[in-house]
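Report on the structure given below.
There are 2 protein chains.
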Amino acid sequence: MTDFKAPVSDINFLVNDVFKFEQHYKTFPAYEEATPDLVDAIVEECAKFCENELAPLNHSGDKEGCSFDNGEVTTPSGFKDAYQQYIEAGWQGLAHPTEYGGQGLPVSLGLIKSELVGTANWSFGMYPGLSLGAMNTILEHGSDEQKNIYMPKLTEGTWSGTMCLTEAQCGTDLGQIRTKAEPNDDGSYSITGSKIFISAGEHDLTENIIHIVLARLPNAPKGTRGISLFIVPKFLINEDNSIGERNPVVCGSIEDKMGIKASATAVLNFDGAKGYLIGPENKGLECMFTFMNTARIGTAIQGVAASELGYQTSLAYAKDRMSMRSLSGKKAPDQIADPIIHHPDVRRMLLTQKAIVEGGRAMTYYAAKIADEMDQASCPEQKEAADNKLGFLTPILKAFLTELGNESASHAIQVFGGHGYIKEWGLEQNARDVRISSLYEGTTGIQALDLVGRKILLDRAQLFKAFSIEILAFCKDHSMISGNPQKKRMHKFIWQLSKEVANWQRHTVSLMLKARKDRDFVGSCSVDYLMYSGYIFMAYMWAMMAQSANENLTAGKGDKNFNKAKVRTAEFYFDRIFPRVKTLTNTMMSDANSLMKIEIDQF
Amino acid sequence: MTDFKAPVSDINFLVNDVFKFEQHYKTFPAYEEATPDLVDAIVEECAKFCENELAPLNHSGDKEGCSFDNGEVTTPSGFKDAYQQYIEAGWQGLAHPTEYGGQGLPVSLGLIKSELVGTANWSFGMYPGLSLGAMNTILEHGSDEQKNIYMPKLTEGTWSGTMCLTEAQCGTDLGQIRTKAEPNDDGSYSITGSKIFISAGEHDLTENIIHIVLARLPNAPKGTRGISLFIVPKFLINEDNSIGERNPVVCGSIEDKMGIKASATAVLNFDGAKGYLIGPENKGLECMFTFMNTARIGTAIQGVAASELGYQTSLAYAKDRMSMRSLSGKKAPDQIADPIIHHPDVRRMLLTQKAIVEGGRAMTYYAAKIADEMDQASCPEQKEAADNKLGFLTPILKAFLTELGNESASHAIQVFGGHGYIKEWGLEQNARDVRISSLYEGTTGIQALDLVGRKILLDRAQLFKAFSIEILAFCKDHSMISGNPQKKRMHKFIWQLSKEVANWQRHTVSLMLKARKDRDFVGSCSVDYLMYSGYIFMAYMWAMMAQSANENLTAGKGDKNFNKAKVRTAEFYFDRIFPRVKTLTNTMMSDANSLMKIEIDQF
């Protein structure tokens with residue numbers, strides 16, 4: 001297996017050259033401390049920790065997996081120690097409030113940390129990652145008392161948290177939830193039911209686990225409008241904040257699954273466990289959704305992480321492995337054959353990965369800036385605006401990047417030929433690990449319905465319009481019309497991008513009209529429309545990156561090869577990946593009949 | 001896990017209605033016995049065996065895997081017994097000569113058997129499957145003495161065979177092979193070297209294993225022109241044909257791999273093992289290639305098999321699992337939610353699988369008929385013609401169907417949502433198992449180079465021309481111009497197909513011209529061109545199937561729902577899958593520069 005190297009230059013290029021985080025952070029008083037030097041130091045430090053401590057446990061963690069014995073889960077060797085180091089270095093509270101012991105640094109920096117941790121070892125990252133979900137829920141909806149009880153320990157990382165939504169009969173359709181919450185005399189509730197697929201639901205890394213649980217109050221309305229949110233700690237907390245008695249929430253088993261084997265996926269049985277209402281009664285789902293966007297960007301990152309890991313490994317192999325001669329003449333005449341990186345089709349597979357990982361990373365950093373804006377909004381209107389924009393981009397990020405992450409991981413295997421199928425290289429693990437990403441946190445189909453149903457149709461495409469206009473404005477700024485001869489280099493990108501954004505606008509209007517006449521069309525076009533939107537978003541990022549790299553080249557700034565590589569990868573993207581829109585625009589506008597006319601007994 | 005049901009109606013539809021095997025078999029005297037009744041009985045019997053004996057071992061075989069101990073390999077529980085039943089029923093010799101104890105039935109029927117066996121349990125099918133490779137080599141290139149020694153036992157199945165090509169430093173580039181063959185005084189050879197990735201290289205199913213080994217004679221020319229082929233039995237054979245002493249070819253280990261875990265992939269160490277030259281000296285590679293086409297169709301079938309298995313399982317789940325309400329109104333008002341098969345995007349995923357499995361199966365049966373023609377050719381010219389046609393189609397079948405098999409297996413998981421990631425449903429195994437198919441027997445990239453380099457450029461597109469003209473002739477026969485009003489139903493298919501075949505011709509000419517100027521273009525266009533060709537081939541098959549189904553509907557023949565389903569799936573294919581050619585025609589003609597210009601240190 002190749003040693004993982006954190007992609008620090010790529011991160012710095014986005015942070016400094018493309019998205020100019022320095023200026024961005026300066027607009028928020030609370031981010032004052034996030035100076036370029038500090039950001040640099042944090043990225044470096046995190047990179048080192050991930051390379052040295054987490055990456056070496058990735059393959060062994062898969063091999064060993066978690067073990068389950070009588071309600072207790074043991075994580076693979078080395079995880080406990082690595083987690084201890086992780087919390088001692090303060091990584092868990094990096095982007096959380098200082099009043100609870102966090103470092104109060106930008107949300108975007110927290111996402112960069114998650115990316116690095118997740119690339120080195122996605123299974124490990126699930127434990128602190130799920131905890132962030134619980135922390136955000138408590139921060140957003142908890143009472144001051146609840147925050148004071150739970151936030152310090154969660155921020156410190158000595159406790160962790162989970163999100164308990166899914167039950168055996170429902171994952172997407174949470175209205176079917178059956179777990180009950182009966183009020184106790186002391187104001188607490190008695191939670192009874194069974195939850196499945198609870199990531200980090202039970203493990204040996206922390207002294208307590210704080211479950212956030214969806215359940216129904218007695219006489220709650222049916223469906224999604226009768227679900228409330230509860231805090232259910234594994235161990236109850238005494239009045240002096242010390243750990244108290246064991247709460248009857250017990251892990252019944254852990255799942256035997258395709259990948260992320262070092263991440264425990266628990267069945268949790270609540271047998272009258274004591275819980276505390278968080279947020280208003282029957283508003284549990286709304287509360288959950290308030291930070292769903294950030295959680296989903298967290299999952300989108302898995303696509304980027306898997307692409308990065310696969311790319312690094314397959315690139316090293318392609319430089320090393322010798323097979324056949326280059327079609328255009330010997331490249332390594334002294335050797336028995338040429339390194340396979342000289343073969344055009346191997347390059348196609350490598351560049352596809354490179355385009356996906358770097359384009360995908362840019363998409364998440366673009367979104368991370370908006371997450372900062374939301375976090376630091378100075379008024380509710382600003383917050384809502386940022387939330388809405390993020391809400392429009394989130395389903396695209398989540399579904400598109402995880403689908404492409406799967407594709408990318410498969411290319412990495414393919415570069416290795418038969419060797420890619422063997423466990424020791426780690427690439428088959430990478431492909432197995434990333435396969436979950438388009439399933440959990442809302443499948444690709446669900447993201448697509450969210451995009452088309454809520455973010456386009458319900459919104460009457462206002463958010464779409466704003467985003468597409470933003471891209472056109474970028475195109476205008478960098479088009480040749482602006483008179484700057486240096487823009488010539490950008491011409492081919494700008495031309496293709498602006499043309500396709502115009503198509504995107506046209507198709508979106510047609511889609512809205514067609515959806516009015518046929519509700520099934522909403523579902524039949526949705527995934528193709530989402531992927532189509534994703535390729536445009538990624539094209540926008542590649543045009544931005546090409547622009548920054550060209551600027552650097554003109555100014556003689558930075559590593560010349562690095563900047564040239566960015567421009568060439570942008571060329572590759574526009575030549576070989578972006579044309580996927582040609583098929584998608586065709587299939588997505590195709591009539592729903594070809595899906596709906598066939599009878600169930602004809603399948 | 002859903003119980004596997006052999007797709008007998010689909011097979012019969014192809015055998016009887018689309019490809020009319022009865023008439024086809026009648027043209028060959030040796031296939032006289034293959035009457036419709038016999039074919040029917042064999043398919044039924046094979047289906048039963050696969051459903052009852054092989055399918056139940058598929059999941060347990062994956063879980064248990066093969067075990068290795070001191071040179072010996074133990075297959076998973078039940079495999080030995082199932083293999084015994086397999087050979088006792090005479091399945092191994094189904095399509096092999098009666099003079100060696102086979103049943104002498106058509107090659108195409110042998111491929112249908114391989115499909116059924118492989119769909120029920122691909123790992124199991126690898127053992128007899130590899131043996132077929134060894135049998136065909138000996139039949140084609142062995143001396144009469146060699147045939148008499150090895151063929152009866154191999155045909156019976158009490159011995160099995162392997163193909164030993166790959167070494168650690170080379171798989172594709174066999175010119176790098178280092179295994180040596182030193183002549184002994186008795187006319188045999190002493191084989192020394194190490195082979196890897198030997199499927200069925202060691203196991204406990206048969207009393208002997210006959211290895212076909214690529215090795216170099218002393219002073220052999222360098223590269224591929226200095227490779228010879230040897231028979232190396234695990235146990236030497238005494239003069240009275242009884243099993244003799246152990247030959248020093250020893251299994252050093254078996255691979256720990258992503259899938260097909262019940263199929264042992266051996267490292268074989270030859271330590272002066274006794275071997276017998278088969279075929280002429282230094283012509284080993286040519287000998288191997290004589291039946292490569294059939295072997296590669298065997299691998300193409302893995303794509304179909306995985307698609308069938310995934311489709312069956314996900315279809316059953318989609319009818320059963322209830323989640324959300326249909327966008328166009330409640331479909332199961334008495335239930336808490338609608339079965340997910342009512343959701344357009346779930347239908348899209350199911351129909352994509354259905355289109356791939358049924359279209360892919362048709363492609364392999366189309367090729368199987370040509371394999372019969374080759375097998376039964378009455379003169380060398382006929383044989384060469386069939387071999388050439390098969391040679392043109394083989395890389396398309398192998399690469400296209402295995403790539404689509406991977407896609408299909410992933411859709412099956414996706415239909416299940418998070419549950420698809422859990423081992424118990426068997427879908428993650430299906431995805432892991434099929435992943436090998438685009439890697440072994442020549443990767444997708446290698447198939448694509450074979451297609452563009454050998455079958456288009458070297459051949460000056462003569463085979464291409466013949467095949468594309470055949471499709472156009474079909475289009476003409478079924479176009480509205482022919483005056484038959486019944487043809488109207490076929491119009492939309494014929495129109496799209498003939499238009500795209502014309503494009504295919506045009507693009508192929510452009511490709512040939514472009515390849516002359518830039519050798520790297522051959523590699524840069526190859527995979528996209530292969531996939532493009534695959535979608536056209538599959539469209540041809542869907543048009544043929546729609547035509548047969550329409551005929552049946554008009555004649556009131558067969559199950560109405562079945563025939564309607566064929567027409568609707570054809571509609572789906574042409575609406576939603578075939579438009580993939582739009583992207584491919586764009587990317588494949590794109591300049592090689594976008595791949596070649598980037599420097600190695602810029603990756």
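Order-wise, the sequence lines are chains R and V.
So in UniProt numbering, the last spot in the first sequence is 603, and the numbers never skip.
So in UniProt numbering, the last spot in the second sequence is 603, and the numbers never skip.
Glycine is no exception: its CB is placed at the ideal position from the N, C-alpha and C atoms.
Keep in mind it's a predicted model, so treat the numbers as computed, not measured.
- Against chain V, the beta carbon of Gln414 of chain R has neighbours under 9 Å at Ser438, Leu439, Thr443, Thr444 and Gly445, listed in chain order.
- The DSSP-derived three-state label of Ser188 of chain R is coil.
- Taking 7 Å as the cut-off, the beta carbon of Asp520 of chain R is found no closer than this to the beta carbon of Leu458 of chain V.
- Residues of chain R whose Cβ lies closer than 7 Å to the Cβ of Tyr421 of chain V are, in chain order, Lys257, Met258, Arg435, Ile436 and Leu439.
- In chain order, Lys113 and Leu116 place their CB closer than 6 Å to the CB of Cys46 of chain R, counting only its own chain and leaving out the 5 sequence neighbours on each side.
- Contact with chain R is found for Met324 of chain V, since one of that chain's Cβ atoms lies less than 7 Å from the residue's Cβ.
- Nearest Cα to Ala362 of chain V within the set V:Asp3, V:Phe19, V:Ser9 and V:Lys5: V:Phe19.
- With the rule of 3 Cβ pairs closer than 8 Å, the stretch 309-325 of chain V counts as touching the stretch 167-176 of chain R.
- Between Phe235 of chain V and Ile227 of chain V, the C-beta gap is not smaller than 7 Å, which leaves the two residues out of contact.
- At a cut-off of 7 Å, the C-beta of Glu428 of chain R has a neighbouring C-beta in chain V.
- DSSP, read as helix, strand or coil, puts Arg460 of chain R in coil.
- Each of V:Ile600, V:Asn52 and V:Gln23 was checked against the Cα of Ala332 of chain R, and the nearest Cα belongs to V:Ile600.
- A straight-line Cα-Cα distance of about 33 Å links Lys369 of chain V and Lys80 of chain V.
- Between the beta-carbon of Ser307 of chain V and that of Gly418 of chain V there is about 22 Å, and that puts the pair past the 8 Å contact cut.
- Close partners of Pro579 of chain V in chain R (Cβ separation under 7 Å): Thr583, Asn586 and Thr587.
- Within 10 angstroms of the beta-carbon of Ile469 of chain R lie fewer than 16 other beta-carbons, which makes it exposed.
- With the rule of 3 Cβ pairs closer than 8 Å, the stretch 342-351 of chain R does not count as touching the stretch 87-95 of chain R.
- Contact check for Ile340 of chain V against Ala318 of chain V passes: the beta carbons are separated by less than 7 Å.
- For the stretch 541-575 of chain V, the residues whose beta carbon sits under 7 Å from a beta carbon of chain R are, in order, Asn561, Lys564, Ala565, Arg568, Glu571, Phe572 and Asp575.
- Boundaries of the alpha helix (DSSP H) around Ser60 of chain V: Pro56 to Glu64.
- Contact between Leu111 of chain R and Thr394 of chain R is absent: CB atoms are separated by about 13 Å, not below the 8 Å threshold.
- Of R:Ile278, R:Arg489 and R:Leu427, the smallest CA-CA separation from Ser143 of chain R is found for R:Ile278.
- Each of R:Thr265, R:His211, R:Lys195 and R:Pro152 was checked against the Cα of Glu99 of chain R, and the nearest Cα belongs to R:Pro152.
- Taking the Cα of Glu358 of chain V as reference, the smallest distance to any Cα among V:Phe124, V:Ala273, V:Ala305 and V:Gln382 is reached at V:Ala305.
- Beta bridge pairing from DSSP links Met163 of chain V with V:Ile212.
- Scanning chain V for C-beta atoms nearer than 7 Å to the C-beta of Asp520 of chain R yields Leu327, Ser328 and Pro344, reported in chain order.
- Listed in chain order, the alpha helix (DSSP H) runs fully inside the stretch 424-510 of chain V are 427-435, 444-449 and 462-477, counting runs of at least 4 residues.
- At a cut-off of 7 Å between C-beta atoms, Phe235 of chain V does not count as an interface residue with respect to chain R.
- In this structure, Ala266 of chain R sits near Cys251 of chain R, with a CB-CB distance shorter than 7 Å.
- In summary, the residues of the stretch 354-370 of chain R whose CB is separated from some CB of chain V by less than 8 Å are Lys354, in the order they occur in the chain.
- If the five residues before and after Ala377 of chain V are omitted, its C-beta is found closer than 7 Å to the C-beta atoms of Lys383 and Ala386, all from its own chain and listed in chain order.
- Of all residues in the stretch 304-317 of chain R, only Leu315 place a beta-carbon less than 7 Å from a beta-carbon of chain V.
- Judged by their CB atoms, Ser498 of chain V and Cys475 of chain V are nearer to each other than the 7 Å cut-off.
- Contacts between Val527 of chain V and chain R, judged by CB atoms closer than 8 Å, involve Asp345 and Arg348 in chain order.
- Beta-bridge pairing by DSSP links Cys251 of chain R to R:Leu268.
- Exposure of Val509 of chain R is indicated by the presence of fewer than 16 other C-beta atoms within 10 angstroms of its C-beta.
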